[in-house]
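According to this note's numbering, the sequence shown is numbered sequentially starting from 15.
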Amino acid sequence: MSEFHALVPAAGFGARMRNELPKQYLPLAGKPMLAHALETLCGCGELATVFVVLSPDDAQFRTFDWARFGDKLQPLFCGGATRAQSVANGLLAAELEADDWVLVHDAARPCLTQAHLARLLAELRDDPVGGILAVPVADTLKRADAQQRIACTEPREGLWQAQTPQMFRAGLLMQALQQCRAVTDEASAVEALGLQPKLVAGDSGNFKVTYPQDIVLAELLLSNKK
Ligand code: C5P
Numbered sequence: 015m016s017e018f019h020a021l022v023p024a025a026g027f028g029a030r031m032r033n034e035l036p037k038q039y040l041p042l043a044g045k046p047m048l049a050h051a052l053e054t055l056c057g058c059g060e061l062a063t064v065f066v067v068l069s070p071d072d073a074q075f076r077t078f079d080w081a082r083f084g085d086k087l088q089p090l091f092c093g094g095a096t097r098a099q100s101v102a103n104g105l106l107a108a109e110l111e112a113d114d115w116v117l118v119h120d121a122a123r124p125c126l127t128q129a130h131l132a133r134l135l136a137e138l139r140d141d142p143v144g145g146i147l148a149v150p151v152a153d154t155l156k157r158a159d160a161q162q163r164i165a166c167t168e169p170r171e172g173l174w175q176a177q178t179p180q181m182f183r184a185g186l187l188m189q190a191l192q193q194c195r196a197v198t199d200e201a202s203a204v205e206a207l208g209l210q211p212k213l214v215a216g217d218s219g220n221f222k223v224t225y226p227q228d229i230v231l232a233e234l235l236l237s238n239k240k
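Following this line, the structure appears as structure tokens:
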């Protein structure tokens, strides 16, 4: 029977946070940001393994005590130059069966909950393609010109913001990433194969910590979770 695994690319540098420490290790509610998503994923009974893909010269991971996560948490020191490369390298190192499901989740989305995971697993476990957590776009969208003036207003109907986890069969995802590396998420690579991943409605709480002010919001949400 096919198993479910998580794979967390955490080999980035987080340039937009303007910080020496890579984003995934910034302190957030008393622990490194990365620990929050890993804790939620390791706490999900359906997931057999939680792989975390780190930079080959990562010096931070071992400074934190991960013992309570047990053998379920598997660090892989094989991150690449881009997120897609880190995911592809991780998939290769994880040696999964082609039929196994992989839930790829950003280290920078610490507010993931068991409810998000349950919804994704329930909607996709029998799906022929797989899919992603996402939210319908709420704001009015403006396209900018070169002078940062509004060139036009884009209709937002039918537009969704992609989140993670993004859930695909390991074999399909590997094939997709081998053919298409210039992508910012896994779904784009699968789309390039001519397939249509499903959009599973999540919520805005599972946002990606990108800018310094996002830390405050994440801490607020995490304090409510407990
Ligand atoms: O930089 P961004 O927020 O898009 O990164 C999304 C996720 O991809 C983060 O968890 C980051 O650590 C990871 N990443 C990676 N390898 C890279 C670049 C980003 O694992 N080379």
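Every residue gets a Cβ at the ideal spot worked out from N, C-alpha and C, and that includes glycine.
- In the structure shown, valine 101 falls within a helical segment according to DSSP collapsed to helix, strand and coil.
- The beta carbon of glycine 219 is closer than 7 angstroms to those of Cys125, Leu235 in its chain, skipping five residues each way along the sequence.
- Residue pairing from DSSP places valine 67 in a beta bridge opposite Pro23, Leu90.
- Under DSSP, methionine 181 takes part in a beta bridge, and its partners are Leu117, Gly145.
- Only residues of its own chain outside the window of five on either side were considered, and among them Ala112 have a CB closer than 6 angstroms to the CB of glycine 185, listed in chain order.
- Looking at the backbone, the Cα of alanine 148 and that of arginine 170 are separated by about 14 angstroms.
- The same chain holds no residue with a CB closer than 7 angstroms to that of glutamate 53 once the five nearest residues on each side in sequence are set aside.
- When the alpha-carbon of proline 226 is set against those of Ala24, Gln38, Phe18, the nearest one is in Gln38.
- Measuring C-alpha to C-alpha distances from serine 16 to each of Val67, Val116, Cys58, Val22 identifies Val116 as the nearest.
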